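Numbering (the numbering used here), first residue to last: 125 to 1032. Even for Gly, the Cβ is constructed at its ideal location relative to N, Cα and C. Everything numeric in this text was worked out from a predicted model, so none of it was measured. This report concerns only the one structure given below.
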């Protein structure tokens, strides 16, 4: 066979049954990504004879005699194709994992196809952007701008990795090919609850290429949590690397390590496991009943499990005032129970990594993670290694959304590398991502609310039952967060909270964008609207009468022991005004038939900019010989945009341009510590560390220049890549040369501890149309206002808002992990899950409040997580306004809406 790939002929022959995607990657074409291996996402798109195809569906031998083009060969002689340049100009990407396939598909569209982009792009999924910037690229819109030295902050500057991303040259976790690599495949439990009696490995070990089989007998017999937080006490110790008790279908049973994935797969198929089946409980309400089987009966409060005998991993209870009495005397009251479903993060790059022990005896783990430093700490603890003998790093990460604030694969990688002494690779399949990692916490939320005749809230009560699945990773923190800011944003003298997180024999829940608030906001914001309706008060006005103002206490029971949340800036009033004006500026669409009911809805949210109890970041920066700077941070880049903003902060402080800032990040070998890019802390915490380091270096530069010139440092400043002392300019490169001659290194460090914390605000507005006879729903208008402080990068921040709204719309309208009565995920693939595609997502008008946060770096604050939070609540309110029916369960699918619509409006 002869294959022509990017104009070069290859004589290599694919293996029997090998798909084109894996064949191309084995030849070094790493721009061809794996997102699903089922033809659902388009990350693997290549051109065959100029036509886009999903290479995961094409048998490699069928490319014989055809011209195959990958993103690496799309532009001749290493240049830039016009479509690649269009994506750079529009910044039509965030994490960038989908971008190679998206560019090839977009470039192949003819004019007719461009008239219906929803149909033309249905085979290419982007989880990050919300698609507007991709449409901008197709339309030739330029969203980026330049910035002169010292004014980078606040400008729409492009991502530093952009040129590499659009050419398929930016390296993600698996875009390497080390020599002697072994592959790991997992045998997973077919039972929701069972004890492993015996694992017969003989047939598996006889498979050619199989090196070893790892079971609970090989793994450390220590409990930990897969959740990664700065402090271990935030999560229960209820998990083992490999356990002799399995508690959900999909849990790890044994790892087969082999020369090839095929051999490892065959080894897994030949393992024979004898189980003792144990009673299982799937429903969280049944799980906390007195007679329910205990999932973790051997755990105690020392393991930080609240009540193992009742399957209660965490609980929260508290009351301010007297809610019952307040409800009795209220002029109007509302009570409702709301349920939210399991949602998958669906980052296009699945969990996985590589591990090896180097010549110095250091365990290296290259992982798709948001938390490399916390992962290193736990690996060192589990395997009893000195911290300096463990290195964890990540290259660019293909999406996170909270799902990679976990340690699902690194422990197995470490175990296999240490046992075999060989480099090992463990890459989850898309099905494994669904059945064996984590989800959003499904919740049942009962809200009770009351108000007086003037529309002032007198009572707010929440009762929450959260399903944490088989393990308690993030169970407590998500539960506590879910009942915090959602009612803390409202002034109300009487508040009560009761919440329980329950173990069930289902796939574990974990950290997810919003961290519990989206689930409870649906209930709280519905209650605010329902009270307003009874009083005849406008929903905007109802909120204005009750939201906290700057200086008001932000209270939710029970009283917190942390009192470091302050109003760094307050823009909630502006956000309400901006959304109200935007919604009023355009009247409802009149062209719909009488079958369509239209309505508007809003919801608001407040979020603390940092998790409690400390979130830490170290940063260092040094002057290079060429007059540029080396900036080292610990935060990972997974589409959150921190890489761009770190450079903007440093360049602004040091009176230089971002192209002269070389960034090194997310590698524990660089030293220092970083809690991680989660909890809205990537900019707010790590950005403050960068600002502190840059300011310290700026002072050094001025002092050193002053010493060379015999001037007072107070008479020196930085300007346009140079120091200026008493009118005399010294370019940074000359300063570096002078320092080198004196044996001096101009370097500074900075750090941040994550306190005090600020608050960010978001308001979402929707106008919808609902067909009263079919349940079909159309979003006619979407407006989102955000108080992000001083916006560090308006283009990038707008993209974070749009992406958050789009992902949240998916959860509100389509996405649902379906669990059967045995606890099995029955739709573990994208085509049965309905990730939003281009056609599903409306364009959102994004508006920013004019504030500057006194606590954040250069006046900025977090904005990558909070836009997700109010979306489902606002949509629910819009549907209720249109139909007069309060729907209380997500997703708002047509078949879920239809029964109540049919009951009210008939069949038509």
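| Item | Value |
| --- | --- |
| Rounded separation between residue 904 and residue 707 - CA only | 11 Å |
| CA-to-CA distance, residue 519 to residue 732, given in whole angstroms | 28 Å |
| Alpha-carbon spacing of residue 915 relative to residue 240, whole angstroms | 34 Å |
| Spatial distance of residue 968 from residue 455 (CA atoms) | 37 Å |
| Same chain only: Cβ atoms within 6 Å of residue 383, ignoring 5 sequence neighbours per side | 333 |
| Span separating the alpha-carbon of residue 347 from that of residue 418 | 17 Å |
| Beta-carbon proximity list for residue 461, same chain, < 6 Å, skipping 5 on both sides | 570 |
| Burial state of residue 522 (16 or more Cβ within 10 Å) | buried |
| Residue burial classification, residue 435 (beta-carbon count within 10 angstroms, cutoff 16) | buried |
| Backbone secondary structure at residue 855 - three-state DSSP | strand |
| Span of the alpha helix (DSSP H), counted from its first residue to its last, around residue 653 | 641-659 |
| Coil, strand or helix - residue 756 by DSSP | strand |
| Alpha-carbon spacing of residue 429 relative to residue 636, whole angstroms | 21 Å |
| Beta strand (DSSP E) runs wholly inside the region 379-447, at least 3 long, in chain order | 396-401, 436-444 |
| Cα-Cα separation, residue 184 to residue 300 | 21 Å |
| Neighbourhood of residue 288 by C-beta distance below 6 Å, restricted to the same chain and skipping five residues each side | 294 |
| Close-in-space but distant-in-sequence residues of the same chain around residue 211 (CB under 7 Å, 5 per side omitted) | 217, 223, 227, 261, 290 |
| Rounded Cβ spacing between residue 580 and residue 447 (contact assumed at less than 8 Å) | With a Cβ gap of about 15 Å, residue 580 and residue 447 do not count as contacting. |
| Endpoints, the alpha helix (DSSP H) within which residue 673 is located | Segment: none, residue 673 is in no alpha helix (DSSP H) and carries neither H nor E. |
| Per-residue DSSP class, three states only, for residue 312 | strand |
| Environment of residue 980 [buried if 16+ CB atoms lie within 10 Å] | buried |
| Residue 859 classed as buried or exposed, judged by whether at least 16 other C-beta atoms fall within 10 angstroms | buried |
| Three CB pairs or more closer than 8 Å across the region 776-787 and the region 473-493 | no |
| Sufficient close CB pairs (3 or more, under 8 Å) joining the region 494-507 to the region 789-805 | yes |
| Cutoff 6 Å; reference residue 743; Cβ partners in own chain excluding five residues on either side | 757, 813, 814, 817, 874 |
| Integer Cβ distance of residue 722 from residue 929, believed to fall under 8 Å | Rounded, the Cβ-Cβ distance is 20 Å, inconsistent with contact. |
| Chain B within 8 Å of residue 582, Cβ atoms only | Checking the listed chains, one finds no chain B in this structure; it contains a single protein chain. |
| Cβ contact check for the region 681-690 and the region 640-655: 3 or more pairs under 8 Å | no |
| Among 408, 163, 575, the one whose alpha carbon lies nearest that of residue 451 | 575 |
| Where residue 352 falls, given that 16 or more other Cβ within 10 Å makes a residue buried | buried |
| Residue 414 classed as buried or exposed, judged by whether at least 16 other C-beta atoms fall within 10 angstroms | exposed |
| Pick from 538, 533, 539 that is closest to residue 551, judged by C-alpha positions | 533 |
| Which of helix, strand or coil DSSP assigns to residue 128 | strand |
| Whole-number beta carbon distance between residue 478 and residue 549, since they are thought to touch under 8 Å | 5 Å |
| Residue 942 versus 927, 846, 468, 278, residue with shortest Cα-Cα distance | 468 |
| Coil, strand or helix - residue 995 by DSSP | helix |
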